[in-house]
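In the UniProt record's numbering, the protein residues as written are 1 to 746.
Below is the structure:
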């Protein structure tokens, strides 16, 4: 040590470069530091206004008073007073102690330095300033030999944007590592981020910080709301601006929470990931998946993605939604958030919409009413998109092979009704308008309910009113009865509906109407309609009426009735009743009536008649024709009889009169089969005609085969089968109608 006094003033330049460097690094961890000084330190240069010496029990003592000035290797330390104990190798400085090294300044009340241990101790309002960084502590030490500095007793550090508070701070200069221990609180003022931990290690080379001991990161958005991230360990990369949370990760933001084994967030990309059994939830919704991703904008949540086995569960918690539940699944689910409220800048972050892709499925159950089961709806599709408004589902859209199954509410315990009250539906595109309880099927819509099947381009189903509206060539099949039209409305509960510009077929009849309304199980009302048995479009003939009432499987009542051939009105009636019973029954034969014209007979009406079936053993048909040209008319009688396992037969006869020639003609055909005993059978056939020309005349509607058949055949056959032989008796009569006509020579 060298002690000098110049210009009437003692000055003792003291250079503690290693100690100063350590404290500088502690004060400004962002600066690079010089390596540790070699063990053979240069001597201390001490100066002061007054330097005195004495000797006592502790050995030689040098007292320094007034403008103490100490230098070593360019470092300068000053104070008001000082003492140097030569035997102990200790230097003590007091009152306004100040150290200056390059850009770093340290001030304190007291300082001591041990030459043997190479350790500097400072205490009393210790303050270190380096550029914009300021560190404050009650006391501190610096071990020059091991290049370790420590501030303790409650450390506060700050620069232009960041603040740190902790119990103590260690700096390992050789490893360029900064350690904060005990109740560490770090705050990024400009970014509104706070970190609490038991310990934080910071590597100045990699710019990587590791927080341990229940670290909690708190970030405030521009609205002052705070998001917290808890974990066993936190890793921060300041250079890349990437933060990691490891083990038992728990994120809390307002009512939103999330857990995972691992989380990472890239502040530059505003993009984060949750991995290892991630789960996110709030008061009503839970999201799970193999991976959860988040996107933010100025720390406000903007997008949330669940990847692989994505599931979103919703359970209503508010008074108006309690009991309501929904589950949405898919290979991936994207949830979007947006700002809502009067002040867009400070509005709340609310769920705006979500998209589920890849085997998307949604199961929904409404809040059950007292004594009723809950209405449920299950929907599948390639993609499901849900839109929200005021934290409620506004509408949902299902695309790609969309199918669904809706269960109406029924009385609790009514298992039969629960199985029956089901609507299944499918379409390429299905839309759910939740506030209106509407399900809209678009593009090749198909719907099934009990015995009802509906196909249309578009179907709108009201689940609350149990009504539907179908557009675009709707086709309704109800218990086998088919109706088509342009627009249709239907009430599933009452099984009543209306079809506009409708068409339906029933019992060989074709019905058209501007409006067909089903008013009961087996009753239709047709407004401005027409009826015809001709299946051509347009039909050759039809009956038109302003109002028709169809009693299915019974009759059609129309009034007034106008009969048209093509578009020419032929006949008008105030009303008419058309029998349309299926199977065998009595009634007019109007569905078989023919209207026409030919060059010989002129206009004609054929097969107008009545069918009489009094019981199951016999029936009779009486019909007639009228031909305008001659004029002439024809009556037919056709009967059948049968007694089961005994006998059966058929009688057919016709009679015609030509009013112009007053000529009458007739024919008779009969067949009879009878089982006289199990081994004896009787078969008889008779055929008679009044004139050879009768069957040849095509004017009366005879077929070509009948006209060409010029033989009358009558027969009687009796057969008996005994155990040892069989006997047959046959009588046959065959008459050639042209036998007495010769050939005229050419």
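Every residue gets a Cβ at the ideal spot worked out from N, C-alpha and C, and that includes glycine. Just so it is clear, the structure is predicted and the values come from calculations on it, not from any experiment.
Requested in this report: Could you name each continuous beta strand (DSSP E) segment of 3 residues or more that falls completely within the region 504-584, going from the start of the chain to the end?
Outcome: Inside the region 504-584, DSSP marks whole beta strand (DSSP E) runs of 3 or more residues at positions 509-520, 523-532, 541-551, 555-565, 568-573, 576-579, from first to last along the chain.
Query raised in the report: Is it a yes or a no for the region 437-446 touching the region 477-497, going by three-plus beta-carbon pairs under 8 Å?
Result: With a cut-off of 8 Å, the region 477-497 and the region 437-446 do not count as touching, because too few Cβ pairs lie within range.
Query raised in the report: Cβ atoms of residue 81 and residue 94: under 9 Å apart, would you say?
Result: Your numbering for residue 94 matches position 94 in the chain shown. Your numbering for residue 81 matches position 81 in the chain shown. Residue 94 places its beta carbon less than 9 Å from that of residue 81.
Query raised in the report: Rounded to whole angstroms, how far is the Cβ of residue 550 from the Cβ of residue 511, which I believe are closer than 8 Å?
Result: What you label residue 550 is simply residue 550 of the chain shown in a count that begins at 1. What you label residue 511 is simply residue 511 of the chain shown in a count that begins at 1. With a contact defined as Cβ atoms closer than 8 Å, residue 550 and residue 511 qualify at about 7 Å.
Query raised in the report: Per DSSP, residue 227 is paired with what?
Result: Here residue 227 refers to the residue found at position 227 when the chain shown is read from its first residue. Paired residue(s): 219, 253.
Query - Buried or exposed (CB count within 10 angstroms, at least 16 for buried), residue 326 - result: On the chain shown, position 326 is the one that residue 326 refers to. Label assigned to residue 326: buried.
**Report entry** Inter-residue CB distance, residue 333 and residue 310 (contact presumed, cutoff 8 Å)
**Finding:** In the chain shown, residue 333 corresponds to position 333, counting from 1. In the chain shown, residue 310 corresponds to position 310, counting from 1. Going by Cβ atoms, the distance from residue 333 to residue 310 rounds to 4 Å, so yes, they are a contact pair.
Query - For residue 680, three-class secondary structure by DSSP - result: Sequence index remark: in the chain shown, residue 680 carries index 680 (1-based). In this structure, residue 680 counts as strand in the three-state DSSP scheme.
Report task. Kindly indicate which three-state DSSP category residue 232 falls into: helix, strand or coil? Result -> Along the chain shown, read from residue 1 onward, the residue named residue 232 stands at position 232. Judged by DSSP in its simplified three-state form, residue 232 adopts coil rather than helix or strand.
Query - Other residues of its chain near residue 165: CB distance less than 6 Å, five sequence neighbours each side excluded - result: Locating residue 165 in the chain shown gives position 165, counting from the first residue. Contacts found: 156, 185.
**Report entry** Extent of the continuous alpha helix (DSSP H) run through residue 419
**Finding:** Translated into the one-based positions of the chain shown, residue 419 becomes position 419. Start and end: 415-420.
Query raised in the report: How about residue 629 and residue 651: do their beta carbons lie closer than 9 Å?
Result: For the purposes of this step, residue 629 is taken as the residue at position 629 of the chain shown. For the purposes of this step, residue 651 is taken as the residue at position 651 of the chain shown. Residue 629 is not a Cβ neighbour of residue 651, given a cutoff of 9 Å.
Requested in this report: Could you give the DSSP three-state label for residue 436: helix, strand or coil?
Outcome: Numbered from 1 along the chain shown, position 436 holds the residue referred to as residue 436. Three-state result, residue 436: helix.
Query raised in the report: Are at least three pairs of beta-carbons, each pair with one atom in the region 669-687 and one in the region 714-726, less than 8 Å apart?
Result: In short, these stretches touch, since the Cβ pair count reaches three.
Requested in this report: Tell me residue 80's beta-bridge partners as DSSP assigns them.
Outcome: The count along the chain shown starts at 1 and reaches residue 80 at position 80. Residue 80 is not bridged to any residue.
**Report entry** residue 344 to residue 229 span [Cα, whole Å]
**Finding:** Within the chain shown, numbered from 1, the residue matching residue 344 stands at position 344. Within the chain shown, numbered from 1, the residue matching residue 229 stands at position 229. At residue 344, the pLDDT of 43 sits below 50, so the modelled position is not reliable; the number obtained from the coordinates is stated separately. In this model, residue 344 and residue 229 are separated by some 26 Å (Cα to Cα).
Query raised in the report: Whose CA, out of 271, 149, 328, lies closest to the CA of residue 287?
Result: For the purposes of this step, residue 287 is taken as residue 287 along the chain shown, with counting starting at 1. Of the candidates 271, 149, 328, the residue whose Cα lies closest to the Cα of residue 287 is 328.
Query raised in the report: Less than 9 Å separating the beta-carbons of residue 236 and residue 208?
Result: Here residue 236 refers to the residue found at position 236 of the chain shown. Here residue 208 refers to the residue found at position 208 of the chain shown. Yes; because the gap between Cβ atoms is below 9 Å, this pair is in contact.
Requested in this report: May I ask you to verify whether the region 256-266 touches the region 177-195, counting CB pairs closer than 8 Å and requiring at least 3?
Outcome: Segments in contact, no.
Query raised in the report: My guess is that residue 484 and residue 503 are in contact by the Cβ rule of under 8 Å, so how many angstroms apart are they, rounded?
Result: Working through the chain shown from its first residue, we reach residue 484 at position 484. Working through the chain shown from its first residue, we reach residue 503 at position 503. Right, their Cβ atoms sit about 5 Å apart.
Report task. Answer with buried or exposed for residue 713, where buried requires no fewer than 16 other C-beta atoms within 10 angstroms of its C-beta. Result -> For the purposes of this step, residue 713 is taken as residue 713 along the chain shown, with counting starting at 1. Counting C-beta atoms within 10 angstroms of its own C-beta, residue 713 has fewer than 16 neighbours from the protein chains shown and is therefore classed as exposed.
Query raised in the report: Of all the options 331, 414, 494, which has the alpha carbon lying nearest to the alpha carbon of residue 380?
Result: Taking the first residue of the chain shown as 1, we reach residue 380 at position 380. Looking at the Cα atoms, 331 is the closest of the given residues.
Query - Other residues of its chain near residue 573: CB distance less than 6 Å, five sequence neighbours each side excluded - result: By 1-based counting over the chain shown, the position of residue 573 is 573. Here the set comprises 561.
Report task. Starting from residue 156, trace the beta strand (DSSP E) both ways and give me its first and last residue. Result -> For the purposes of this step, residue 156 is taken as residue 156 along the chain shown, with counting starting at 1. Membership of residue 156 in the beta strand (DSSP E) is indicated by the continuous run 148-158.
Report task. Taking residue 526 and residue 496 to be in contact with their CB atoms under 8 Å, please state how far apart those CB atoms are, rounded to whole angstroms. Result -> Sequence index remark: in the chain shown, residue 526 carries index 526 (1-based). Sequence index remark: in the chain shown, residue 496 carries index 496 (1-based). The pair is not a contact, with the Cβ atoms about 14 Å apart (cut-off 8 Å).
Query raised in the report: Under 9 Å between the Cβ atoms of residue 578 and residue 556?
Result: Here residue 578 refers to the residue found at position 578 when the chain shown is read from its first residue. Here residue 556 refers to the residue found at position 556 when the chain shown is read from its first residue. Yes, Cβ-Cβ distance for residue 578 and residue 556 is below 9 Å.
Query raised in the report: Which of the three DSSP states, helix, strand or coil, is assigned to residue 812?
Result: Nothing about residue 812 can be reported from this structure: the residues present for the chain run from 1 to 746 only.
Query - Three-way DSSP call (helix, strand, coil) for residue 6 in this model - result: Taking the first residue of the chain shown as position 1, residue 6 is located at position 6. Note on residue 6: pLDDT 40, under 50, position unreliable in the model; the coordinate value appears next. Residue 6 falls in the strand class under three-state DSSP.
Report task. Jot down the residue ranges of each uninterrupted beta strand (DSSP E) in the region 607-668, minimum 3 residues, whole runs only, in chain order. Result -> Counting only runs of 3 or more, we get 618-627, 632-643, 647-658.
Query raised in the report: Hey, out of 252, 397, 201, whose CA is closest to residue 220's CA?
Result: Translated into positions along the chain shown, residue 220 becomes position 220. Looking at the Cα atoms, 252 is the closest of the given residues.
Query - Simplified DSSP assignment, three categories, for residue 727 - result: If you number the chain shown from 1, residue 727 lands on position 727. The three-state secondary structure of residue 727, taken from DSSP, is strand.
**Report entry** Unbroken beta strand (DSSP E) run spanning residue 392, endpoints
**Finding:** Here the question's residue 392 lines up with position 392 in the chain shown. For residue 392, the uninterrupted beta strand (DSSP E) segment begins and ends at 392-407.
Query raised in the report: Do residue 104 and residue 77 have their CB atoms nearer than 9 Å?
Result: The residue given as residue 104 occupies position 104 in the chain shown. The residue given as residue 77 occupies position 77 in the chain shown. Their beta carbons are not under 9 Å apart, which means residue 104 does not touch residue 77 by this criterion.
Query raised in the report: In terms of DSSP beta bridges, what is residue 176 paired with?
Result: For the purposes of this step, residue 176 is identified with residue 176 of the chain shown, where counting begins at 1. DSSP lists no partner for residue 176.
Query raised in the report: Got a sec, what are the start and stop residues for the beta strand (DSSP E) residue 212 sits in?
Result: Stepping through the chain shown from its first residue, residue 212 is reached at position 212. Counting along the chain, residue 212 sits inside the beta strand (DSSP E) bounded by residues 208-212.
Requested in this report: In angstroms with no decimal places, state the Cα-to-Cα distance between residue 283 and residue 374.
Outcome: Start at 1 with the first residue of the chain shown, and residue 283 comes out as number 283. Start at 1 with the first residue of the chain shown, and residue 374 comes out as number 374. Their backbone Cα atoms lie some 22 Å apart in a straight line.
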